[in-house]
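Asker:
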Amino acid sequence: DLNIIQAYAPTTTSCDEEIEKFYEELEMAKTQCRSHEPLIIMGDFNAKVGEDRIGNTAGPHGLGKINERGERLIEWCQTHDLVVCNTWFEQPARRKWTWKSPGDGSRNQIDYILTNERFRNAIKSAKTYPGADCYSDHVPVVAKLNLKLKKTSSNPTNIKLDLALLKTNQLIREKYQVSVQNKFEPLGEAEEIEKQWENFKEAIILAATEEIPR
140 DLNIIQAYAP TTTSCDEEIE KFYEELEMAK TQCRSHEPLI IMGDFNAKVG EDRIGNTAGP
200 HGLGKINERG ERLIEWCQTH DLVVCNTWFE QPARRKWTWK SPGDGSRNQI DYILTNERFR
260 NAIKSAKTYP GADCYSDHVP VVAKLNLKLK KTSSNPTNIK LDLALLKTNQ LIREKYQVSV
320 QNKFEPLGEA EEIEKQWENF KEAIILAATE EIPR
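Position one of the sequence shown corresponds to residue 140 (my numbering), numbered consecutively onward.
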């Protein structure tokens with residue numbers, strides 16, 4: 140599955156307590172996503188990460204100079220192995236800025252798309268569309284991604300089997316028991332309890348469909 144979290148950080152005039160509360164809530168949302176699945180966190184972070192490359196977190200194609208809120212965002216991304224996607228693609232300045240100040244009209248990059256470092260190659264481009272008529276002082280940030288997600292297999296539990304034969308037919312019962320045992324042995328222990336349960340469930344269902352008549 141592809142997990143998407145929409146974020147909106149407090150403005151730069153907010154106190155540090157509000158900023159930290161935002162990151163705590165963002166972290167809680169992130170913990171609900173499986174670590175091995177693609178993750179997109181996007182939104183208005185009210186932070187400037189700047190135009191300088193910062194390790195594998197921020198690329199050299201950002202805009203402006205990093206500020207204190209940007210440093211906090213980078214720190215959080217580094218803690219969770221996230222990359223700031225729209226700083227990794229070379230674009231003209233008009234395709235980088237995401238927010239136009241209603242006061243002096245200055246243009247800044249404060250909206251970002253983040254993703255897991257392990258899936259960064261799935262992001263093929265990220266840029267803004269300043270000409271979009273969206274009735275906001277922000278402009279859309281759009282990323283193109285190419286993900287190969289596993290196809291969902293048909294659910295064998297929908298197959299109706301004559302389970303009564305497990306009680307009345309000794310030969311079928313013995314063949315089923317052997318089949319289950321043979322499928323359990325190579326499984327081993329999965330890292331996650333949920334994954335381990337899925338493996339066991341699939342083994343039991345597969346053995347049943349192979350040995351029990353419909």
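Idealized CB from N, CA, C, for every residue including glycine.
With L302 and R312 assumed to form a contact (beta carbons below 8 Å), what rounded beta-carbon distance in angstroms separates them?
Answerer: Wrong, their Cβ atoms sit about 11 Å apart, outside the cutoff.
Asker: Give every residue of the same chain whose Cβ lies closer than 7 Å to the Cβ of T267, excluding the five residues on either side of it in the sequence, and list them in chain order.
Answerer: Only R234, K235, W236, T237, V278, P279, V280 meet the Cβ criterion.
Asker: If contacts are defined as beta-carbon pairs under 8 Å, then P177 and E190 qualify, I think. What distance do you get, rounded to the angstrom?
Answerer: Contact flag wrong, Cβ pair sits at about 27 Å.
Asker: Cβ atoms of T196 and C224: under 8 Å apart, would you say?
Answerer: Their beta carbons are not under 8 Å apart, which means C224 does not touch T196 by this criterion.
Asker: Alpha carbon to alpha carbon, what distance is there between K187 and G201?
Answerer: Roughly 9 Å separates the two Cα atoms.
Asker: Quick check on K266: does DSSP put it in helix, strand or coil?
Answerer: Correct three-state label for K266: strand.
Asker: Which residue marks the beginning of the alpha helix (DSSP H) containing G209, and which one marks its end?
Answerer: Its alpha helix (DSSP H) spans residues 207-218.
Asker: Are the CB atoms of D140 and G182 within a distance shorter than 8 Å?
Answerer: Result no, Cβ atoms of G182 and D140 do not sit closer than 8 Å.
Asker: Among S318, L165, I144, which residue has its Cα nearest to the Cα of F339?
Answerer: The candidate whose alpha carbon is nearest that of F339 is S318.
Asker: By the DSSP assignment, the alpha helix (DSSP H) with Y162 in it spans what residues?
Answerer: Unbroken alpha helix (DSSP H) run through Y162: 155-170.
Asker: I need the straight-line Cα distance from P295 to H175, nearest angstrom please.
Answerer: Because P295 carries a pLDDT of 49, less than 50, the predicted location of this residue cannot be relied on, and no value is offered for it.
Asker: Going by DSSP, what residue range makes up the beta strand (DSSP E) through K283?
Answerer: Run containing K283: 280-284, per the beta strand (DSSP E) assignment.
Asker: Could you tell me which of I351, E207, I252 sits nearest to T307, measuring between CA atoms?
Answerer: With distances taken between Cα atoms, T307 lies closest to I351.
Asker: Between Q171, F161, K169, R259, which has its C-alpha nearest F228's C-alpha?
Answerer: It is R259 whose Cα lies nearest to the Cα of F228.
Asker: Go through its chain and collect everything with a Cβ distance to Q248's Cβ below 7 Å, but skip five positions before and after it.
Answerer: If we look at Q248 and ignore the five residues flanking it on each side, its Cβ neighbours are K187, G201, L202, G203, K235, W236, T237.
Asker: So is A232 buried or exposed if we call it buried at 16+ other beta carbons inside 10 Å?
Answerer: By the 10 Å Cβ count, A232 comes out exposed.
Asker: Along the alpha helix (DSSP H) that carries L221, what are the first and last residues, could you check?
Answerer: Element bounds for L221: not the alpha helix (DSSP H) but the beta strand (DSSP E), 221-223.
Asker: I'd like the span of the alpha helix (DSSP H) that includes T307, first residue to last.
Answerer: Taken as a continuous stretch (DSSP letters only), the alpha helix (DSSP H) holding T307 covers 304-307.
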